[in-house]
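Worksheet: the structure to be examined is printed underneath.
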Amino acid sequence: MFVMKFLNNTTQRKNSIHLINVVQGKNEFLRDYLTQFNKESLVVKDLEPSFAMVALNKSDLEGVRLPHDDLVMITLLVEFFTMKRVLVDSRSSEDILHKPGFDQLRIPGFARQMVHPLESIDLSIIAGLSPCQTEVQMTFLVVDTRSPYDAIIGHLGLNAMEAIVSTRHLLVKFLTKFGVGQIRGDQKAARQCSDGYKE
Numbered sequence: 001m002f003v004m005k006f007l008n009n010t011t012q013r014k015n016s017i018h019l020i021n022v023v024q025g026k027n028e029f030l031r032d033y034l035t036q037f038n039k040e041s042l043v044v045k046d047l048e049p050s051f052a053m054v055a056l057n058k059s060d061l062e063g064v065r066l067p068h069d070d071l072v073m074i075t076l077l078v079e080f081f082t083m084k085r086v087l088v089d090s091r092s093s094e095d096i097l098h099k100p101g102f103d104q105l106r107i108p109g110f111a112r113q114m115v116h117p118l119e120s121i122d123l124s125i126i127a128g129l130s131p132c133q134t135e136v137q138m139t140f141l142v143v144d145t146r147s148p149y150d151a152i153i154g155h156l157g158l159n160a161m162e163a164i165v166s167t168r169h170l171l172v173k174f175l176t177k178f179g180v181g182q183i184r185g186d187q188k189a190a191r192q193c194s195d196g197y198k199e
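In this text, residue positions in the sequence shown follow UniProt numbering: the first is 1, and each later residue adds one.
Structure below.
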């Protein structure tokens with residue numbers, strides 16, 4: 001009985017998944033967010049030091065024109081082909097490869113066959129710069145529709161990369177064996193794609 005009362009009155013240590021729910025508020029200063037994140041990380045049981053390092057700071061805003069409402073558009077290595085117009089959309093339930101981007105890959109076996117909408121294909125993705133890069137397999141749905149982007153990475157792809165996204169910083173960060181990897185969004189190209197698509 002005493003043990004149960006003691007356990008109920010003590011603060012239970014949380015696991016690292018708890019930190020995913022610590023998000024920066026829309027009007028919250030970065031300094032306040034980082035203070036809260038660090039405070040919450042103290043109650044996490046067996047926190048890996050590298051997990052706590054995936055944080056954002058002022059230097060991550062370097063080169064970003066503020067204020068903005070731009071999308072996060074990145075460059076990835078897809079099957080060893082540099083794909084520059086990749087939209088990061090954590091709300092998307094699927095990873096999508098638009099047909100023009102797919103055709104550029106010149107994957108053997110598909111070039112002479114008719115590709116039906118919603119065909120899926122597993123592709124190797126390399127994100128980041130050496131040595132802080134990650135390689136993962138992603139399943140893309142190939143769609144034949146008009147889009148300014150070659151591909152869309154949704155929450156499935158972000159989970160495969162174990163990545164976090166900051167739309168304010170136009171940045172994707174992820175853990176690697178050699179530290180924190182990152183991919184900077186291309187703000188100028190994102191605006192060109194968005195403006196070109198509206199016309």
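Here a beta-carbon is modelled for each residue, glycine too, at the ideal position from N, C-alpha and C.
These figures come from a predicted structure and were not determined experimentally.
- The shortest CA-to-CA distance from A160 to any of Y33, N57, L123 is the one to L123.
- Between the alpha carbons of N27 and I74 lies a distance of about 25 Å.
- Per DSSP, the beta bridge partners of H98 are V143.
- In the DSSP assignment, Q182 forms a beta bridge with K173.
- Short of 8 Å from the beta carbon of H155, and not among the five residues preceding or following it, lie these beta carbons of its own chain, in chain order: S90, R91, S92, S93.
- Your pair Q182 and V172 checks out as a contact, with CB atoms roughly 7 Å apart and the cut at 8 Å.
- Taken atom to atom, the span from the alpha-carbon of V23 to that of Y33 is near 7 Å.
- By the neighbour-count definition (other C-beta atoms within 10 Å, threshold 16), G128 is a buried residue.
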